[in-house]
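The listed protein sequences correspond, in order, to chains A and F. Start counting the first sequence at 1; every next residue gets the next number (our numbering). Start counting the second sequence at 1001; every next residue gets the next number (our numbering).
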Amino acid sequence: MDIQKENSMIKQKHMLAEQFIELSQVKETGKKVVYTFVPGNLTELIYAFDMLPVYPEINSLQSGMRQKSKEYIQEAEDMGYSEDVCSYVKCDIGMMLQGNIGPTGQQLPNPDILLLSYTGCFVFMKWFENLKQLYPNAEIAMLHIPYQESGKIEANAVKYIKDQLINEVIPTFEKVSGQKFDNDKLGEKMDLSAKAEELLIEIFDSAENTPSPIDAYFGGVYYIGPIFTAFRGSEDCLEYYQELLKEVNYRVANKLGPITPEGYMKEEKFRLVVEGPPNWTHFRGFWKLFYDMGAVFVGSTYTRVGGVYDDGFRHSSNDSIKSMAEYCLGCYTNRNIPQRIDLIESFITKYKANGFLVNSIKSCNSFSAGQLVMMRDLEERLEIPVGFIETDLVDPRYYSYSNIKNRLDSFFQMLDQRQSFNIGDDIVPDDVLT
Amino acid sequence: MNVFLGIDLGSTTSKAVIVDKDGHIIGRGITNTRSNYEVAAQIAQNEAEFNSRFTLLHRRLKTDSNGSFDWGDIISQLENRFHYLQYRYRFYRLIEVMFENAALLENKELSGKVTTLLKKIQDDMLIDVEEKFLNGAISLSSDFFRDIFSTGYMQAIQDEDKSYYDQLVALYDRSITPVENEKLNFDFAQLAEEAIELLPEKSFQEDTDFRKNLDEVELLSLEPTDYIGTGYGRQLLPFEEKHIKSEILCHAMGAHAVFPGTRTVLDIGGQDTKAIQVDKYGLVTSFQMNDRCAAGCGRYLGYIADEMSISVGELGPLAMNADYEANICSTCTVFAGAELREYLNLGEKKENVLAGLHKAIVQRAFALLARSGGVRNEFTFTGGVARNQAVVKYVSQMVEQNYGKIKINCHTDSIFMGALGAALFSSRRK
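Structure follows, in structure tokens:
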């Protein structure tokens, strides 16, 4: 099958290729490497010290998409990791045990710093404890982000994070990189981030159109690629979003749906909002289950794990350190359940969704806990049909095609039934059994 | 006439329901699901069609006699005999195949002995079930050919020369599957005539419109105007996509049609349990199904029955006689079997162990209900397992304990709800 690719996708591919080349050349360039996580990532700060970030989560999802995760997970389980441990962790550990070959086939450099940004996922801490054993020479910098228990960003939480950044993270970066902290250099990157974030929101909000020109889940994975990972705060990142917005605007003007692996989506029958990450091991097949049925995702929470920009937050050079603290606090999985419900409600309303789906991840407690409560609450508040399926991030053993298909068949028929229902259709004889 | 067909191809049983243009059920058919799904669906449909003809005959006679004569008893006697004749046809077919297979045995002495034993027991086996059919103790609308035959056969061979027991069991095992998967074509008119001959009293035919109505009903075309297939095996039915519908919607539709106050449906089938929430129009708003594990479903009961060497139908009544429920903590079917053996070994009464097992199933179903949004008023319990009185007892108890006073609906037709929903969907299709 020929996969249709747009300029933005091609650009992103080049950006990734260059990033991995740069990573493979650190021995020659002497650049230092920071391993860190996507939610609450400090990419601008890492680049302000001319260091290079590596995201083990992204490597795991790439391994999943390249059908390597099964083998890596097996490797980690042979070492003693339980079946119930987060599959990202096992996939990452397995990959490192097998020589740390990255998604482009090049070997990834060892970490000089393990930056443990502890945002919204308590597994992160254990993950890096294990990496520390694999890389005993790496420095550890811990950034603890408290959950938004009260439902808002508290001043003392911002101060707590700022203190950690100033007293622990920045000194560790200075020590390892050999450079002094330069606030202006960081500020320039923050401003570039803000511009890209502005464009990203414009792209997300294009889902207000009918048909939606974007798929905010499967397509969304590509849209968030640069801003969630190694490129936020770069010129390249800004250019990517300018290109993407152009493509989206073209589709809006021509009343076209999003691009799927089989070309433009034909008919938009269902508009969905989804909670939870996608499955990576069967990504294309999983997506096909939806676009074949004319289902487009107009909103997703997964595309907010690396930062929520819907309520106006932008990175800012006014007080870069404070801005980073607020960014970390605001990430999706760092929010409390009522906040998550409110955000989903706003997506459903704003993007005129007619169904809500949860893709619960078997091995991700951070994301999955509370999803049933959220689903029920939204069903009651908005009288919207809801559906629930279960897969995993990168463990292919938990992707059961027939179970998922069976549930989705029912879900789509349920939506269809509701869309075509007229009052009076429900009348059945009182004595149906006679 | 315009009739609509719904077929629910479950993992254990295949059900068919026929409704008329007004949505009234006129016929029901059920059979055990087998490896050839097409045959299972066809048998269920045929049964529903025959049952429809008897219903229509009854309706006509009732109208013609203006209620001055009660035809109910005669129709039911006639249908019992009709079932017996179907059984007899299949019985001879199976015996024929068993003789063929016996002749193929390489050990000629064994072959001869087995054939002799089979000849000896066959007549008694048939006489024994004939009586039960005729007095309504067994019926193809609740008992399946395979079960009726094997119960009688196992009993008969136990009473014979024990040294050939294993060979006789193997002979049955080898023969039943191909016979079950054969397509059958019964002629309603011919079987109905034969059934009349078996009636003890035939004088009702005189001075009434019985003959005229029977002739008319025999000639009625009951070819479905439209049809829908649902259930676990729906994708394997030889139906086009537009004739297939999800079992969630069909069960909800069936339950809501019979009990219009329904807001929550619990369906426990052979290998899946569904908790469905519906709105006042019967539209599904959410649902949950068991994932990856079928513990707590009908198959679990089947497994337990096998472990205890009793029939599934005996489980519920035994559990109802318990003094208390033994604590079964396992949620795995296979491990529950181990717990069962351990309890029996320790001298626990089997009734108490069975009560514990029934309670464990219901607890599992309630976890699923909680995931789907709980139990709302009214609550309708459907599926094959809803025929088990001990399950119904624990469901009622747990609804009250967890959700307070809620109206609980459970109908004797609970097993047909999916097929009914499918039939109703097809009758409403514009």
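All C-beta atoms in this analysis are idealised placements derived from N, C-alpha and C, irrespective of residue type, glycine included.
Residue i - partner residues in DSSP beta bridges
i	result
F231/A	For F231/A, which the question treats as bridged, DSSP gives no partner whatsoever.
R271/A	V296/A
Y264/A	I259/A
F388/A	V358/A
T1031/F	S1014/F
A141/A	L115/A
I1268/F	T1273/F
L52/A	V33/A
V394/A	Beta-bridge pairing links V394/A to no other residue.
I1244/F	G1229/F
Classification of residue i by the beta-carbon crowding that lies within 10 angstroms, buried from 16 upward
i	result
H14/A	exposed
F122/A	exposed
E1351/F	buried
L143/A	buried
M1/A	For M1/A, the pLDDT reaches just 49, beneath the cut-off of 50, and the residue's location in the model is therefore unreliable, leaving the point undetermined.
F1335/F	exposed
S260/A	This sequence places Thr at residue 260/A; Ser is not what is there. Per the 10 Å Cβ criterion, buried.
A1170/F	exposed
A17/A	exposed
L1184/F	exposed
M1253/F	buried
D215/A	buried
S1426/F	buried
Length of the line joining the Cα atoms of residue i and residue j
i	j	result
F1082/F	K1132/F	13 Å
L1340/F	V1353/F	7 Å
S212/A	G257/A	6 Å
G1282/F	G105/A	55 Å
Y1104/F	R66/A	The residue asked about is misnamed: residue 1104/F is Leu in this sequence, not Tyr. Each residue's alpha carbon lies about 54 Å from the other.
N100/A	E262/A	33 Å
T1115/F	A1044/F	33 Å
P1260/F	L1140/F	30 Å
G40/A	F270/A	33 Å
P171/A	G187/A	18 Å
N167/A	K152/A	25 Å
Q1401/F	I1095/F	52 Å
N1080/F	H1251/F	29 Å
V1395/F	V1362/F	6 Å
Coarse secondary structure for residue i, derived from DSSP in three states
i	result
N422/A	coil
D1226/F	strand
T1063/F	helix
M1417/F	helix
L415/A	helix
M1/A	Any reading at M1/A needs caution, since the residue's pLDDT is 49, under 50, leaving its predicted position unreliable; the model's value is listed next. M1/A falls in the coil class under three-state DSSP.
E1182/F	coil
V1278/F	strand
T1382/F	strand
A1294/F	coil
P171/A	helix
N1409/F	strand
S451/A	Given that chain A is displayed from residue 1 to residue 434, the structure contains no residue 451/A and the question cannot be resolved.
F985/F	Here chain F has residues from 1001 to 1430 only, and residue 985/F is not among them.
P146/A	coil
Q98/A	coil
T1262/F	coil
G950/F	The displayed coordinates of chain F run from 1001 to 1430. Any statement about residue 950/F would go beyond what the structure contains.
T1273/F	strand
L343/A	helix
P338/A	helix
L42/A	coil
D1022/F	coil
Q107/A	strand
V1169/F	helix
I348/A	helix
I161/A	helix
R376/A	helix
V1395/F	helix
Residue i CB to nearest heavy atom of the ligand MG below 6 Å
i	result
V252/A	The model on display carries no ligand, and the ligand MG is accordingly not part of it.
Notebook entry, point to check: At what residue ranges does the segment 1063-1146 of chain F contain a whole run of the alpha helix (DSSP H), taking only runs of 4 or more?
Noted result: 1072-1103 and 1108-1134
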